[in-house]
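A.B. asks:
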């Protein structure tokens, strides 16, 4: 092509006094800038949440999608319904049944990934100043959405079994006493991103009871529920509470993220508003993507594929956990997740994960500092480590590099004194000692 | 599959006091309900804006997309950049060059259709109560977005040559005098949806001058610019003003809508915020869709394809205009578009397009009443007729049915008296008498 013209030279923002108030919360995090560096091939990235899709049967997918074009091209490449392709919505009810949910396809709304489902739900419920209850820590992508709609996030303590019911009750009472409205509780009950924990079977009805009693809607976000390594999937919260739970699902981790196909399962009046919000946002979710996912589900043993993924992720979980045990300083703590993608590691007192990150990238390893997963500034004593994408060998190498950086940091602190300790509630630290749970 | 459970029985909205304030503007229009009926096969729908994609080479597309999976599957099916696939952004600059725009791929942001581009631009600029200037009439999808963000729309008069500069100046002065902020002028300069008009070459610099002088940003929405029947594409507004124009494009009408791939070309600081907004809304636009569009552009004579589309749409335009001339009562007025999808028809005095619609659907023809295209209640004396989708024979049949309905309506009015006449500015009516311009 012809030479491209010079890029716009204007670095000053001449629009600075025109933006909407909500953009004040839309700033590029420094973490984002660092990841441009972290994605270089010589860096072992334990930071990203990209599923490893190298095991997908490309010939099967290619053939199914090719047939989709030749046999249904004029439909697959046309505008579709704002609510999503009916056949796919039916298939989605089959997927949800694996976690105990019985639902009607009419109550499913297809979204551009479950990220968009979080966005649309927040759009229809949250006014500026409304409160969203989240776990401590919570998923960075959701925190960004709540901030974009100027909602206030209140974090609620978790332990090794998930959300602590008493902490939830206290948080609700405290917010109500301050005169603010709680619009919903946002929870990731399975293989939590970033904490790796699963809400226990004993806790689930207790959490639902509290929310029912207090009139708090539950937004259940479940991208990893089918990615447990050894056990059958747990019953979703939605399986035992239809009217009070909005359930979000995704094909990103069980098939592939590049189609951007997720969904919300919502009570009828909420579903109506979600469809209107979708039509305003996009007219309709991508028809082609949906029919491609639908063709995949119809033409391939997708459940067998998920089993393969689980084995692959289990192997990587094992590589990470054994590397942590062998290589990390004893003063660290981490959980052993039994599914999903993440380990949540807490550093020795006085070490700050955020300020350590540039030194880690220099040593060619990347992670996400815990501060990304809190709306209130906490989290600097923890980090999220992903084992989903690199090979087991690379994972071990990454942990080796990280241990080296940490040891250097600890020496520095021993010589010059600790960073200010974190105060107050927030960071999740109350889990079992490392190495006790490899099952 | 097993029998599906009963649908949620609750029709009462128990969430009614929880929704965000912005949902007050998110109501299902009665038009939408009517279209569920209008999409039945026995109804000739002159209502929809679905491009006719039956001419696409399905074997070529199938093959290109099949190869995409086998050769680049792990990339095409993975998460991508929030700004969009770099190769596609380059190809987009080639597409825009056809309309005189010289731009750098870095200033392009890929969106989920240009509808999402309107949504994201509004999200970053409009606070509740801000003003957006629109043509009279304007595109229903954009009006819905502005309403969803609680912006006020002020319509500005058009004539046969597009936006009237004096009317624009008056509207700006009037809004400023009322103490409100104008965030941007939203314009569809080519083959306007729904009015079918094109902003003339003489008017373009005048509109830009006014906006520059008054500090009004221009949001140029151009899905149809390459679909003129006889003439070369006009220079985009953006071709002559880079910092003051945000340009929106789409592959929906020049390739196919089902991939939902559009874009915004924006000055650097605005582009930064759009990318952040996109990441919050979806993490990233669908990678697979983008690479499919990219493969199509790389593997097929896409410009030749557009030529074919133009011939096909020209034939349909001719069918509609000749049918209108032959069959509609003389008291109607309509324009003859020289590109795009739509004719804007104004009814004889006293006839209300909105109240006539149920009778039209009963007679098995559908159109969109003009009221859908105004934020202020006007438009009932006009309707939008689409010629893009049905065959020429069906188009003629649809006009025949419509003429019958209209004649019956006119008799009714003659017997019982006219509906209240529309008052004030708003509906665009100042165009040439029918039949004078078939070029």
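Protein chains in written order, with the UniProt record's numbering: chain A, 1 to 439; chain B, 1 to 439. We put the CB at the ideal spot given by N, CA and C, even for glycine. This structure is a prediction, so every number in the text was calculated from the model and none was measured.
1. Nearest to residue 181(B) by alpha carbon, out of 17(A), 409(A), 386(A)?
2. In three-state terms, what does DSSP make of residue 99(A)?
3. Cβ atoms of residue 96(A) and residue 265(A): under 9 Å apart, would you say?
4. In this structure, does DSSP put residue 231(B) in helix, strand or coil?
5. For the region 280 to 300 of chain B and the region 60 to 79 of chain B, state whether three or more C-beta atom pairs, one from each stretch, are separated by less than 8 Å.
6. By the 8 Å beta-carbon criterion, what residues does the region 111 to 135 of chain B contribute toward chain A?
7. Can you check whether the C-beta of residue 26(A) is within less than 9 Å of a C-beta belonging to chain B?
8. What whole-angstrom Cβ distance do residue 340(B) and residue 247(B) have, given they're in contact under 8 Å?
9. When you compare each of 152(B), 142(B), 193(B), 289(B) to residue 128(B) by their alpha carbons, which one comes out closest?
10. Strictly below 8 Å CB to CB, what residues from chain B border residue 441(A)?
11. Taking only beta carbons into account, state which residues of the region 371 to 398 of chain A come closer than 9 Å to chain B, listed in chain order.
12. Using 10 angstroms around the beta-carbon of residue 307(A), count the other beta-carbons present and answer buried if the total reaches 16, otherwise exposed.
13. Counting only beta-carbon atoms, is residue 141(B) nearer than 9 Å to chain A?
14. Quick one: what's got a C-beta closer than 8 Å to residue 85(A)'s C-beta in the same chain, skipping five residues either side?
15. Which chain B residues sit within Cβ distance under 9 Å of residue 247(A)?
16. Between the alpha carbons of residue 207(B) and residue 186(A), how many angstroms are there, rounded?
17. Below 8 Å, can you find three or more Cβ-Cβ pairs linking the region 342 to 356 of chain A to the region 395 to 411 of chain A?
18. Taking one C-beta from the region 367 to 384 of chain B and one from the region 53 to 66 of chain B each time, how about it: are there three or more such pairs within less than 8 Å?
19. Under 7 Å Cβ to Cβ from residue 162(B), same chain only, skipping five residues before and after it: list those, please.
20. Do residue 263(A) and residue 173(A) have their C-beta atoms closer together than 9 Å?
21. Judging by CA-CA distance, which residue of 149(B), 130(B), 138(B), 219(B) is the nearest neighbour of residue 175(B)?
22. Have a look at 134(B), 43(B), 98(B), 125(B) and flag the residue whose alpha-carbon is nearest the alpha-carbon of residue 303(B).
23. For the beta strand (DSSP E) containing residue 133(A), list its first residue and its last residue.
24. Between the region 180 to 201 of chain B and chain A, which residues of the former have CB atoms less than 9 Å from a CB of the latter, in chain order?
25. Which residues in chain A have a C-beta closer than 7 Å to the C-beta of residue 58(B)? List them in chain order.
26. Pick out whichever of 398(B), 361(B), 353(B), 274(B) has its Cα sitting closest to the Cα of residue 322(B).
27. Our contact map puts residue 221(A) next to residue 280(B) with C-beta atoms below 8 Å; I'd like the distance itself, whole angstroms only.
28. Only counting the same chain, and skipping five residues up and downstream in sequence, which positions put a Cβ closer than 6 Å to that of residue 383(A)?
29. Are the Cβ atoms of residue 82(A) and residue 278(A) separated by less than 9 Å?
30. So, at 6 Å on beta carbons, what are the nonlocal neighbours of residue 92(A) in its own chain, with the 5 sequence-adjacent residues on each side left out?
31. Please report whether the beta-carbon of residue 224(A) lies at a distance below 9 Å from any beta-carbon of chain B.
32. On the CB-based measure, 16 or more other CB atoms within 10 Å of its CB, does residue 62(A) come out buried or exposed?
33. Give me the chain A residues within the contact set of residue 270(B), using Cβ-Cβ distance strictly less than 8 Å, ordered along the chain.
34. Taking the continuous beta strand (DSSP E) assigned at residue 225(A), which residues delimit it?
35. How about residue 284(A) and residue 144(A): are their beta carbons less than 9 Å apart?
36. Which residues does DSSP pair with residue 114(A) in a beta bridge?
C.D. replies: Working from what's here:
1. The residue labelled residue 181(B) in the question sits at position 181 within the second chain. Put simply, of 17(A), 409(A), 386(A) the residue whose alpha carbon is nearest the alpha carbon of residue 181(B) is 17(A).
2. Walking along the first chain from the start, residue 99(A) turns up at place 99. Note: residue 99(A) maps to coil in three-state DSSP.
3. As a working note, residue 265(A) is residue 265 in the first chain. As a working note, residue 96(A) is residue 96 in the first chain. Cβ distance < 9 Å, so residue 265(A) and residue 96(A) count as in contact.
4. For this step, residue 231(B) is matched to residue 231 along the second chain. In this structure, residue 231(B) counts as coil in the three-state DSSP scheme.
5. At 8 Å Cβ cutoff, the stretches touch.
6. Taking 8 Å as the Cβ-Cβ cut-off, the region 111 to 135 of chain B approaches chain A at 112, 113, 115, 116, 119, 123, 124, 125, 126, 127, 130, given in chain order.
7. By one-based count along the first chain, residue 26(A) stands at place 26. Taking Cβ atoms only, chain B reaches closer than 9 Å to residue 26(A), which makes this a yes.
8. To locate residue 340(B), count along the second chain from 1; it is residue 340. To locate residue 247(B), count along the second chain from 1; it is residue 247. Rounded to the nearest angstrom, the Cβ distance from residue 340(B) to residue 247(B) is 17 Å, too far for a contact under 8 Å.
9. Here residue 128(B) corresponds to residue number 128 of the second chain, with the count starting at 1. Ranking the options by Cα distance to residue 128(B), first place goes to 152(B).
10. Coverage of chain A is limited to positions 1 through 439, which leaves residue 441(A) absent and any answer about it impossible.
11. Within the region 371 to 398 of chain A, no residue has its Cβ closer than 9 Å to any Cβ of chain B.
12. Sequence index remark: in the first chain, residue 307(A) carries index 307 (1-based). A residue is called buried once 16 or more other Cβ atoms fall within 10 Å of its Cβ, and residue 307(A), having fewer, is exposed.
13. Position 141 of the second chain, counted from the first residue, corresponds to residue 141(B). Yes, its Cβ sits closer than 9 Å to a Cβ of chain A.
14. Residue 85(A) sits at position 85 when you count from the first residue of the first chain. So the qualifying residues of the chain are 110, 287, 290, 291, 294.
15. Mapped onto the first chain, residue 247(A) falls at position 247. What residue 247(A) touches in chain B: nothing, since even the nearest Cβ is about 13 Å away.
16. Position 207 of the second chain, counting from 1, holds the residue named residue 207(B). Position 186 of the first chain, counting from 1, holds the residue named residue 186(A). Rounded to the nearest angstrom, the two C-alpha atoms are 47 Å apart.
17. They touch, by the three-pair rule.
18. With the rule of 3 Cβ pairs closer than 8 Å, the region 367 to 384 of chain B does not count as touching the region 53 to 66 of chain B.
19. Mapped onto the second chain, residue 162(B) falls at position 162. Correct list, in chain order: 189, 197, 198, 199, 200, 203.
20. Counted from its first residue, the first chain places residue 263(A) at position 263. Counted from its first residue, the first chain places residue 173(A) at position 173. Cβ atoms of residue 263(A) and residue 173(A): not closer than 9 Å.
21. To locate residue 175(B), count along the second chain from 1; it is residue 175. Checking every option, the nearest Cα to that of residue 175(B) belongs to 130(B).
22. The count along the second chain starts at 1 and reaches residue 303(B) at position 303. Just measuring C-alpha positions, the residue of 134(B), 43(B), 98(B), 125(B) sitting nearest residue 303(B) is 98(B).
23. In the first chain, counting from the first residue as 1, residue 133(A) sits at position 133. For residue 133(A), the enclosing beta strand (DSSP E) starts and ends at 131 to 136.
24. Within the region 180 to 201 of chain B, the qualifying residues are 181, 183, 184.
25. The residue given as residue 58(B) occupies position 58 in the second chain. One finds 69, 70, 73 in chain A with Cβ atoms closer than 7 Å to the Cβ of residue 58(B), taken in chain order.
26. Counting from one through the second chain, the residue named residue 322(B) turns up at place 322. The option with the nearest alpha carbon to residue 322(B) is 398(B).
27. On the first chain, residue 221(A) is found 221 positions in, with the first residue counted as 1. On the second chain, residue 280(B) is found 280 positions in, with the first residue counted as 1. Contact check for residue 221(A) and residue 280(B): beta-carbon distance about 15 Å, past the 8 Å limit, so the pair fails to qualify.
28. To locate residue 383(A), count along the first chain from 1; it is residue 383. Cβ-Cβ distances below 6 Å link residue 383(A) to 345, 353, 367, 369, 370 in the same chain, with the five nearest sequence neighbours on each side left out; the list follows chain order.
29. Counted from its first residue, the first chain places residue 82(A) at position 82. Counted from its first residue, the first chain places residue 278(A) at position 278. Going by C-beta atoms, residue 82(A) is nearer than 9 Å to residue 278(A).
30. Sequence index remark: in the first chain, residue 92(A) carries index 92 (1-based). If you ignore the 5 residues before and after residue 92(A), its C-beta comes within less than 6 Å of the C-beta of 108, 263, all in its own chain and listed in chain order.
31. The count along the first chain starts at 1 and reaches residue 224(A) at position 224. No, residue 224(A) does not count as interfacial toward chain B.
32. Here residue 62(A) refers to the residue found at position 62 when the first chain is read from its first residue. Burial call: buried.
33. Looking up residue 270(B) in the second chain gives position 270. Result: 15.
34. By 1-based counting over the first chain, the position of residue 225(A) is 225. Looking at the DSSP string, residue 225(A) is not in any beta strand (DSSP E), and its letter there is neither H nor E.
35. Your numbering for residue 284(A) matches position 284 in the first chain. Your numbering for residue 144(A) matches position 144 in the first chain. With contacts defined as CB atoms closer than 9 Å, residue 284(A) and residue 144(A) fail to qualify as a contacting pair.
36. Looking up residue 114(A) in the first chain gives position 114. Looking at the DSSP assignment, residue 114(A) forms no beta bridge with any residue, so it has no partner.
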